[in-house]
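*Asks:* Just so we're on the same page, my numbering is the position in the sequence shown counted from 1, plus 119.
Mind looking over this structure? Questions follow.
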Amino acid sequence: MLAAVDFFDLRVPETAVFFENCAFVWEAIPRIAAHVARLVGDGQTILGEVMPGAYLSDRPIYVAEGARIEPGAYVQGPAYIGAGAVVRHGAFVRENVVLLDGAILGHASEAKNSLFLPKAAAPHFNYVGDSILGHAVNLGAGTKLSNLGIMSEKDELTGKRPFIKLMIEDELYDTGLAKMGAILGDGAQTGCNSVLNPGCVIGSNTLVYANVSLRKGYYAPNSIIKLRQTVNSVSRVAR
Numbered sequence: 120m121l122a123a124v125d126f127f128d129l130r131v132p133e134t135a136v137f138f139e140n141c142a143f144v145w146e147a148i149p150r151i152a153a154h155v156a157r158l159v160g161d162g163q164t165i166l167g168e169v170m171p172g173a174y175l176s177d178r179p180i181y182v183a184e185g186a187r188i189e190p191g192a193y194v195q196g197p198a199y200i201g202a203g204a205v206v207r208h209g210a211f212v213r214e215n216v217v218l219l220d221g222a223i224l225g226h227a228s229e230a231k232n233s234l235f236l237p238k239a240a241a242p243h244f245n246y247v248g249d250s251i252l253g254h255a256v257n258l259g260a261g262t263k264l265s266n267l268g269i270m271s272e273k274d275e276l277t278g279k280r281p282f283i284k285l286m287i288e289d290e291l292y293d294t295g296l297a298k299m300g301a302i303l304g305d306g307a308q309t310g311c312n313s314v315l316n317p318g319c320v321i322g323s324n325t326l327v328y329a330n331v332s333l334r335k336g337y338y339a340p341n342s343i344i345k346l347r348q349t350v351n352s353v354s355r356v357a358r
């Protein structure tokens with residue numbers, strides 16, 4: 120239920136490698152940096168199109184053939200941008216981001232320490248932190264994948280934050296992660312302006328409706344997560 124194979128199609132070795140030896144799917148998150156180093160190396164390889172007005176730092180960055188980085192985008196890196204991936208105008212690629220083939224980081228969207236599987240998209244005004252987006256996942260405009268709880272204060276003695284813990288089917292799982300955004304299985308989608316709070320683990324093909332603020336925990340595949348609200352319409356008195 121909580122293994123990577125329960126969320127993603129891992130028949131392609133280039134995808135499966137990100138989840139090797141992970142008992143739980145979230146164990147792949149702290150390994151993203153190592154995979155960026157594996158894919159990118161110590162320098163820069165620019166095979167795709169970097170349009171005028173885009174900015175690339177001097178950190179290790181790989182831009183595959185067929186990828187495109189549009190004007191106004193900022194790639195801080197280290198980062199791997201795969202074939203056909205697009206970093207759109209105004210996007211911010213921070214450290215340790217992997218955009219696999221056909222993935223999109225769109226206008227005014229920011230990604231940090233995150234893995235986008237092929238054709239995953241955060242196309243409009245999104246924040247993706249310490250997260251994994253499965254194949255063809257789509258985030259609605261304004262969706263935020265929050266990665267740090269508002270009450271997550273550093274211990275005065277150790278300087279460390281508490282780990283995120285998940286209660287799933289009456290069993291408590293310690294993720295071992297102080298920062299964890301969301302994991303969305305293949306084909307999952309979110310509606311506009313939804314907020315996935317730290318520690319959301321969402322099964323494949325599940326839909327999260329617009330404006331939902333989703334609490335941490337596990338959400339089964341092939342589900343629809345709805346926001347229930349009442350909207351009243353009353354007559355307006357003419358002045």
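Glycine residues also receive a C-beta, built at the ideal position from the N, C-alpha and C atoms.
Fair warning: this is a prediction, and the values are worked out from it, not measured in the lab.
Note down, one range per segment and in chain order, each beta strand (DSSP E) of at least 3 residues found wholly within the segment 257-297.
*Replies:* 284-287, 290-293
*Asks:* DSSP state of threonine 134, grouped into three classes?
*Replies:* Translated into the one-based positions of the sequence shown, residue 134 becomes position 15. Of the three classes helix, strand and coil, the one that applies to threonine 134 here is helix, per DSSP.
*Asks:* Taking a contact to mean a Cβ-Cβ separation below 8 Å, would you say leucine 303 touches leucine 219 in this structure?
*Replies:* Counted from its first residue, the sequence shown places residue 303 at position 184. Counted from its first residue, the sequence shown places residue 219 at position 100. Contact flag unset, no.
*Asks:* Might you give, ordered along the chain, the residues of its own chain that have their beta carbon closer than 8 Å to the beta carbon of glycine 160, omitting 5 neighbours on each side?
*Replies:* Position 41 of the sequence shown holds residue 160. Contacts found: Pro179, Tyr181.
*Asks:* What is the DSSP secondary structure of arginine 347, reduced to helix, strand or coil?
*Replies:* Walking along the sequence shown from the start, residue 347 turns up at place 228. DSSP places arginine 347 in coil when its eight states are reduced to three.
*Asks:* Please state the DSSP three-state secondary structure of leucine 175.
*Replies:* If you number the sequence shown from 1, residue 175 lands on position 56. It is a strand residue.
*Asks:* Can you tell me whether DSSP reads alanine 329 as helix, strand or coil?
*Replies:* Here residue 329 is taken as the residue at index 210 of the sequence shown, counted from 1. Of the three classes helix, strand and coil, the one that applies to alanine 329 here is coil, per DSSP.
*Asks:* As a quick exercise: from His254, Ala240, Leu276, pick the residue whose alpha carbon is nearest that of alanine 260.
*Replies:* Indexing the sequence shown from 1 puts residue 260 at position 141. That would be Ala240, whose Cα lies nearest to the Cα of alanine 260.
*Asks:* Apart from the five residues just before and just after glycine 295, which ones in its own chain have a Cβ nearer than 6 Å to its Cβ?
*Replies:* Position 176 of the sequence shown, counting from 1, holds the residue named residue 295. Around glycine 295: Phe282.
*Asks:* Expressed to the nearest angstrom, what Euclidean distance is found between the alpha-carbon atoms of leucine 166 and isoleucine 188?
*Replies:* As a working note, residue 166 is residue 47 in the sequence shown. As a working note, residue 188 is residue 69 in the sequence shown. Each residue's Cα considered, the two are about 11 Å apart.
*Asks:* When you compare only the Cα positions, how much space is there between valine 124 and threonine 349?
*Replies:* For the purposes of this step, residue 124 is taken as the residue at position 5 of the sequence shown. For the purposes of this step, residue 349 is taken as the residue at position 230 of the sequence shown. Cα to Cα, valine 124 sits roughly 39 Å from threonine 349.
*Asks:* Quick check on DSSP: helix, strand or coil for alanine 123?
*Replies:* Along the sequence shown, one-based indexing puts residue 123 at 4. Here alanine 123 sits in helix by DSSP.
*Asks:* For the candidate residues His208, Phe143, Phe235, Val327, whose alpha-carbon lies nearest to that of valine 169?
*Replies:* Here residue 169 corresponds to residue number 50 of the sequence shown, with the count starting at 1. Out of His208, Phe143, Phe235, Val327, His208 has the C-alpha closest to the C-alpha of valine 169.
*Asks:* Here's a check: name, in chain order, each residue in its chain whose Cβ is nearer than 7 Å to the Cβ of glycine 417, leaving out the five neighbours to either side.
*Replies:* Not covered by the structure: residue 417. The range shown for the chain is 120 to 358.
*Asks:* Is the CB-CB distance between tyrosine 292 and lysine 284 below 8 Å?
*Replies:* In the sequence shown, counting from the first residue as 1, residue 292 sits at position 173. In the sequence shown, counting from the first residue as 1, residue 284 sits at position 165. Contact flag set, yes.
*Asks:* Thinking leucine 264 and alanine 301 are a contact (beta carbons under 8 Å), I'd like their distance in whole angstroms, please.
*Replies:* Position 145 of the sequence shown, counting from 1, holds the residue named residue 264. Position 182 of the sequence shown, counting from 1, holds the residue named residue 301. About 4 Å separates the two Cβ atoms, so the contact holds.
*Asks:* Taking DSSP as the reference, what is the three-state secondary structure of arginine 187?
*Replies:* The residue you call residue 187 lines up with position 68 of the sequence shown. Strand.
*Asks:* DSSP has serine 233 in a bridge; who is on the other side?
*Replies:* Translated into the one-based positions of the sequence shown, residue 233 becomes position 114. Looking at the DSSP assignment, serine 233 forms a beta bridge with Val216.
*Asks:* Verify whether the separation of the beta carbon atoms of glycine 310 and tyrosine 328 is less than 8 Å.
*Replies:* Working through the sequence shown from its first residue, we reach residue 310 at position 191. Working through the sequence shown from its first residue, we reach residue 328 at position 209. Taking 8 Å as the Cβ cut-off, glycine 310 and tyrosine 328 qualify as a contacting pair.
*Asks:* Excluding five sequence neighbours on each side, which residues of the same chain lie with their C-beta closer than 6 Å to the C-beta of leucine 224?
*Replies:* Counting from 1 along the sequence shown, the entry for residue 224 is found at position 105. Excluding positions up to five away in sequence, the list reads Val206, Ala210, Ala230, Ala241.
*Asks:* In angstroms, rounded to a whole number, what distance separates the CA positions of phenylalanine 143 and valine 320?
*Replies:* As a working note, residue 143 is residue 24 in the sequence shown. As a working note, residue 320 is residue 201 in the sequence shown. If I take the Cα positions, the gap works out to 11 Å.
*Asks:* According to DSSP, is alanine 239 helix, strand or coil?
*Replies:* Within the sequence shown, numbered from 1, the residue matching residue 239 stands at position 120. Alanine 239: coil per DSSP, three-state reduction.
*Asks:* Note down the Cα distance separating threonine 325 from valine 131, rounded to an integer number of angstroms.
*Replies:* The sequence position of residue 325 within the sequence shown is 206, counting from 1. The sequence position of residue 131 within the sequence shown is 12, counting from 1. Their backbone Cα atoms lie some 22 Å apart in a straight line.
*Asks:* Check whether the Cβ atoms of phenylalanine 126 and glycine 322 lie closer than 8 Å to each other.
*Replies:* The sequence position of residue 126 within the sequence shown is 7, counting from 1. The sequence position of residue 322 within the sequence shown is 203, counting from 1. Yes, Cβ-Cβ distance for phenylalanine 126 and glycine 322 is below 8 Å.
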